[in-house]
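K.L.:
Quick note on numbering: the working numbering labels position 95 of the sequence shown as 95, and the sequence is numbered without any gaps.
In this text, a Cβ means the ideal position worked out from N, Cα and C, and glycines have one as well.
Since this is a predicted model, take the numbers as computed values, not measurements.
The structure is given below, and queries will be raised subsequently.
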Amino acid sequence: MDMDFLKKAKKNEILALTGLICAGILVGYFLLFLNPMLSKLFDVSRKVAKLQSDLSIAELSIDSMPKMKKEIADLKNKALSYINKLPKEEELPALLESLSMMAQGADVKITKIVPIKDTEVVKDAKTPKASIYEEKGILVHAQCGYHQLGTFIAQLENAERFMDISDITIESIRTTPKRHNVQLIVKTFVLKDKTK
1 MDMDFLKKAK KNEILALTGL ICAGILVGYF LLFLNPMLSK LFDVSRKVAK
51 LQSDLSIAEL SIDSMPKMKK EIADLKNKAL SYINKLPKEE ELPALLESLS
101 MMAQGADVKI TKIVPIKDTE VVKDAKTPKA SIYEEKGILV HAQCGYHQLG
151 TFIAQLENAE RFMDISDITI ESIRTTPKRH NVQLIVKTFV LKDKTK
């Protein structure tokens, strides 16, 4: 009976020892092989997820490329139209002539038009010094009524060229109460000559 007990005990010890050895092998396998592989797998899966998000962003950018090209073309066209609205310096006489024609159309009698020298035009502190345009002032002396002046100013503001009106002075004429002496400064912007 003792022998059976010893045999059973030995068998149990052998089984326990075999179980411990197997458990040790499994733990060793996990620590030496499986754990590094799992950590690499997690790193790779994170990199794959980041690459997938980068790829989807790139695909969206590629899909929106025609729209961006159209926007760039529209902006270039808009810039060209703005440049066309800015007269060149040699076009100032034609601008003065169109100013005179607008005045005639509004029944404003221009008595004097004088281009103001660059030093006399008030420089705006917000205007960048390295801009492609410069401000030119035109001093206009005229005789007209209030309504004619309003029509003239509306024509100036709606003209194809950029023009700004400032420093308006209105004085009544005693002999003709419906007409007034008007003095105003029309500011326009001209493209700078790039050869200077």
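Alpha carbon to alpha carbon, what distance is there between residue 187 and residue 114?
P.N.:
12 Å
K.L.:
Residue 260 lies in the alpha helix (DSSP H); which residues open and close that run?
P.N.:
Here the chain has residues from 1 to 196 only, and residue 260 is not among them.
K.L.:
With a cut-off of 8 Å on the beta carbons, I'd call residue 185 and residue 139 a contact; round off their distance for me.
P.N.:
6 Å
K.L.:
Check each candidate in 152, 92 and 180 and name the one with the smallest Cα separation from residue 189.
P.N.:
Closest option to residue 189, Cα to Cα, is 92.
K.L.:
Are the CB atoms of residue 155 and residue 94 nearer to each other than 8 Å?
P.N.:
no
K.L.:
Only counting the same chain, and skipping five residues up and downstream in sequence, which positions put a Cβ closer than 6 Å to that of residue 141?
P.N.:
Leaving aside the five residues that flank residue 141 on each side, the residues in its chain whose CB is nearer than 6 Å to its CB run, in chain order, 111, 112 and 183.
K.L.:
Would you kindly report the start and end of the unbroken alpha helix (DSSP H) that includes residue 40?
P.N.:
35 to 63
K.L.:
Is it the case that the Cβ atoms of residue 152 and residue 79 are separated by a distance below 8 Å?
P.N.:
no
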